[in-house]
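Input: a single structure, listed below in structure tokens.
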Amino acid sequence: MSESPLLDHLNTHQREAVSAPPGNMLVLAGAGSGKTRVLVHRIAWLMDQHQMSPYAILSVTFTNKASREMRTRLEALNGASLRHMWVGTFHSISHRLLRTHWQEARLPEHFQIIDSDDQLRMVKRLLKQHNVDDERWPPKQVQYFISGCKEEGLRAHQVQTHGDAYMGKMVEMYELYQLACERGGLVDFGELLLRSLELLRDTPPLLNHYRERFAHILVDEFQDTNTLQYAWLKLLAGNRECMTVVGDDDQSIYGWRGARVENIQRFTDEFANTRVVRLEQNYRSSSAILEAANALISNNGGRMGKNLWTDSGRGERIRIYAGFNDIDESRFIADTIRELVNEHGYSRDDVAILYRSNAQSRVLEETLIRQGMPYRIYGGQRFYERLEIKNALAYLRLMNNREDDAALERVINVPARGIGMRTVEQLRERARYGNLTMWQAMSDAAADGALKGRAATAVRAFSDLIDGLDNDTAGMALHELVEHVIHVSALREHHAAEKGEKGQARLENLAELVNACRAFSQGERMDPNAVSEGAEALEPFLAEAALDAGDHEAAEGEECVQMMTLHSAKGLEFPVVFVAGVEEGLFPHKMSLEEPGRLEEERRLCYVGVTRAMQRLYLTYAELRRMHGKETFQRPSRFLRELPEELLEEVRLRGQISRPVSTQRTTPNRRPSGPRQEGVDASDGMPALSLGSMVRHPLFGEGVVINAEGQGERARVQISFEGEGDKWLVLGFAKLEVLS
DNA sequence: TCATAGATTATTTTT
DNA sequence: TAATCTATGA
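With positions in the first sequence counted from 1, the corresponding number in the numbering used here is that position plus 1018.
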């Protein structure tokens, strides 16, 4: 094989991975080791050196973002047309198979994808309908059970109940749920995969076709595959040696969602002649950061083994800051960011604040707002999951497929049109008896006059509305169609009538939906192959809305500090990273402390966090944190102790700040409020405190005020407690009783 | 049918 | 604390 420019600028191991013969290969790619680069170059190599056509390549990722990036980078590298290459998520590829072979898959032609929210609603309805005790079988649990089974590749009849009543009911619900889905032509996320697996498994000609077609299959983030995805890949591969999988067992953080890290090990066992290539050279972080990451992760057992190294310099030490409470922690972060921006030439969007749980973002946000520091939060509610958007989509879904019960239930009385619980219940009853969909039940009821008076009129009006929308929009462009639906269904009015800023935001989102449709018609879509026009575009659009939550909310406006959970930070990198709340019980989270496996996953999460940082890393924690309304003492996380001390530097801000502040200014003698009573909220007014005052704290006991700084609610006092030592407390927070 | 008060509960999240 | 769900009443 001749030398190729494709191998330029790659290191030895990357080169090995890219240019290996097209057999089975596992690339263990450490954080920041150029994983995507290798994947993209590998594909180009296969096309270039092994004459594989784009048509013969299947590239699977987990997120739409990853697959979009893959396609973009491939196009940049290759230039050739990739129109016929299948690059997509497990779900989008399964979806494509099912759409193409809907008959063999025994699906209705216009089946619709439901998301987990729709799924939960369906489960809730079923539980109610069948009088299941939702204390014993909480809807969430049932949903989790169903998804879990599907992820394991199990149909209801395959689940072992062992005669257990609890399990028995679960399986029964699974069966009923599945039936309801079949009736309405609904397919949930798990079903997409399971159904496409069954389709291939049970239709040998199809399987052979795709096996012949896909000469090579590439999988990204292999450590995140679940049992079903693994089986799916294995089926498609057959006995051939045609897989390149890339992953990092140390970055497996989705075990709680069914991902099986073991699949990495299993791959080397079950796929013949697997070549293992390790990418250990890191191009992202300073060596201090890497060493810390390595030390941390070495506390986990059963690893595939990998040690990241870099030839970049030692860099800054990792800074640890112990805030006396969560507010102080956030203030340290904000102050430090300001300093980094003003004095060290960083831009705000070089900086990320990562945290374990979303609840932590609030305090951070408040502080950033107060300090006038722009920020942007990643994650949270996605575009296509917003209430108003889901409502609009439900109308569209119903137009596309009247049997879509999930959609019908959602909008039958939104906006309110006089079809109340009572009427809906009646229709459900009827649907259940006749094994009908709600729509069928509705027309039957209308036909035989089962509904009386107002209810009958309202139901008729609803079904006319949907039929009318369908008729009126024939031939319209997608965005006109959606515009029409939003208008005629009165959704716009409905949301406009909502009070507060909310209504305004919802209207904007609806307008944005119309824009999204316009963009979609013009070819901006995940799957550039399937081009369709006018109302023909509706179904593909609905599919995309269901499969891509649409988190294109980045990259406009001013420079922002980025805030996100550790989970959503995976795959990203930032020159400066703060990890906040590095405390026992929070990180590692207390829910994960029981099982050792979960603790190790927390550690991997920490590893992911640490390895996001390129130049500077700050780990912060608070000694006292307000959680669920009450203050809790926190211990620094065990993960901090697992970092080599020589790489750390503890930041001591307290002394520096308190000294130059005049105690005179904040001595609260001059404040209007009188002596503080026990139980009075500190925000009502300042307690009358001065240096030397005796106070009592509910947890620390009695102490003497020895220092003070700041003003108003944010004023802090340093108190020397008997036995507890000196503490800084925020007057707005601490429940202090003034004794003298 | 809607509104409001009390109860409940509080990881992580793609698709 | 705060958000969300449930139950109850007008």
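Even for Gly, the Cβ is constructed at its ideal location relative to N, Cα and C.
In this text the structure is predicted, and so the values were computed from the model without any measurement.
{"Query": "Whole angstroms is fine: what's the gap from residue 1038's alpha carbon to residue 1292's?", "Result": "11 Å"}
{"Query": "Quick one, are the C-beta atoms of residue 1279 and residue 1238 less than 8 Å apart?", "Result": "no"}
{"Query": "Quick one: what's got a C-beta closer than 6 Å to residue 1497's C-beta in the same chain, skipping five residues either side?", "Result": "1532, 1535, 1536"}
{"Query": "For residue 1347, does the three-state DSSP call read helix, strand or coil?", "Result": "helix"}
{"Query": "From what residue to what residue does the alpha helix (DSSP H) around residue 1648 run?", "Result": "Here residue 1648 belongs to no alpha helix (DSSP H); instead the beta strand (DSSP E) covers 1648-1651."}
{"Query": "Considering only residues of the same chain and omitting the five flanking positions on each side of residue 1343, which have a CB-CB separation below 6 Å?", "Result": "1640, 1642"}
{"Query": "If you run the structure through DSSP and keep just helix, strand and coil, what is residue 1233?", "Result": "coil"}
{"Query": "Alpha carbon to alpha carbon, how far is residue 1736 from residue 1685? Give it in angstroms, no decimals.", "Result": "Its pLDDT being 30, under 50, residue 1685 is placed unreliably by the model, and nothing is read from it."}
{"Query": "Grab me the residues of residue 1317's own chain with a C-beta within less than 7 Å of its C-beta, minus the 5 sequence neighbours each way, in chain order.", "Result": "1621, 1660"}
{"Query": "Are three or more beta carbon pairs between the stretch 1483-1491 and the stretch 1401-1409 nearer than 8 Å?", "Result": "no"}
{"Query": "Under 8 Å by Cβ, that's how I've got residue 1358 and residue 1594 pegged, so tell me the actual separation to the nearest angstrom.", "Result": "6 Å"}
{"Query": "If we count Cβ pairs, one from each stretch, closer than 8 Å, do we get three or more for the stretch 1417-1429 versus the stretch 1130-1138?", "Result": "yes"}
{"Query": "At what residue ranges does the stretch 1591-1645 contain a whole run of the beta strand (DSSP E), taking only runs of 3 or more?", "Result": "1592-1598, 1631-1640, 1642-1645"}
{"Query": "Would you identify the three-state DSSP class for residue 1370, choosing helix, strand or coil?", "Result": "strand"}
{"Query": "Compute the beta-carbon to beta-carbon distance between residue 1076 and residue 1235, rounded to the nearest angstrom, for a pair I have assumed lies under 8 Å.", "Result": "5 Å"}
{"Query": "On the three-state DSSP scale, how would you describe residue 1028?", "Result": "coil"}
{"Query": "Let me check understanding here. Comparing Cα to Cα, which of 1582, 1473, 1565 lies closest to residue 1396?", "Result": "1582"}
{"Query": "Counting Cβ pairs, one atom from each stretch, are 3 or more of them under 8 Å apart for the stretch 1325-1335 and the stretch 1067-1075?", "Result": "no"}
{"Query": "State the Cα-Cα distance for the pair residue 1690 and residue 1080, rounded to the nearest angstrom.", "Result": "Only weak support exists for where residue 1690 lies, its pLDDT of 29 falling under 50; the value from the coordinates is given anyway. Distance between the alpha carbons of residue 1690 and residue 1080 is about 60 Å."}
{"Query": "Return yes when the Cβ of residue 1404 is within less than 8 Å of the Cβ of residue 1560, no when it is not.", "Result": "no"}
{"Query": "At the level of alpha carbons, what is the spacing between residue 1615 and residue 1435?", "Result": "51 Å"}
{"Query": "Less than 8 Å between the CB atoms is what I'm expecting for residue 1051 and residue 1299, so what's the real figure, rounded?", "Result": "6 Å"}
{"Query": "Please report how far the alpha carbon of residue 1480 lies from the alpha carbon of residue 1433, in whole angstroms.", "Result": "11 Å"}
{"Query": "Please report the distance separating the alpha-carbon of residue 1456 from that of residue 1646.", "Result": "41 Å"}
{"Query": "Tell me whether residue 1263 sits in a helix, a strand or coil according to DSSP, three-state version.", "Result": "strand"}
{"Query": "In this structure, what does DSSP give as the bridge partners for residue 1426?", "Result": "Beta-bridge pairing links residue 1426 to no other residue."}
{"Query": "Could you please give the first and the last residue of the uninterrupted beta strand (DSSP E) stretch that includes residue 1153?", "Result": "Careful: residue 1153 lies outside any beta strand (DSSP E) and carries neither H nor E."}
{"Query": "So, residue 1062 versus residue 1029, is the Cβ gap smaller than 8 Å?", "Result": "no"}
{"Query": "What are the start and end residues of the beta strand (DSSP E) that includes residue 1079?", "Result": "1075-1079"}
{"Query": "With DSSP run on the structure shown, which of helix, strand or coil describes residue 1432?", "Result": "coil"}
{"Query": "Over the uninterrupted alpha helix (DSSP H) stretch that includes residue 1479, give me the two end residues.", "Result": "1471-1490"}
{"Query": "Kindly confirm or deny that the stretch 1200-1213 and the stretch 1161-1172 touch, where touching means at least three C-beta pairs closer than 8 Å.", "Result": "yes"}
{"Query": "Quick one: residues in its chain with C-beta nearer than 8 Å to the C-beta of residue 1125, no 5 flanking neighbours on either side, listed in chain order?", "Result": "1116, 1203, 1205, 1213"}
{"Query": "With distances taken Cα to Cα, identify the nearest neighbour of residue 1128 among 1418, 1191, 1257.", "Result": "1418"}
{"Query": "Which one of 1240, 1430, 1401 has the shortest CA to CA distance from residue 1563?", "Result": "1401"}
{"Query": "Hey, how far is the Cα of residue 1031 from the Cα of residue 1047?", "Result": "10 Å"}
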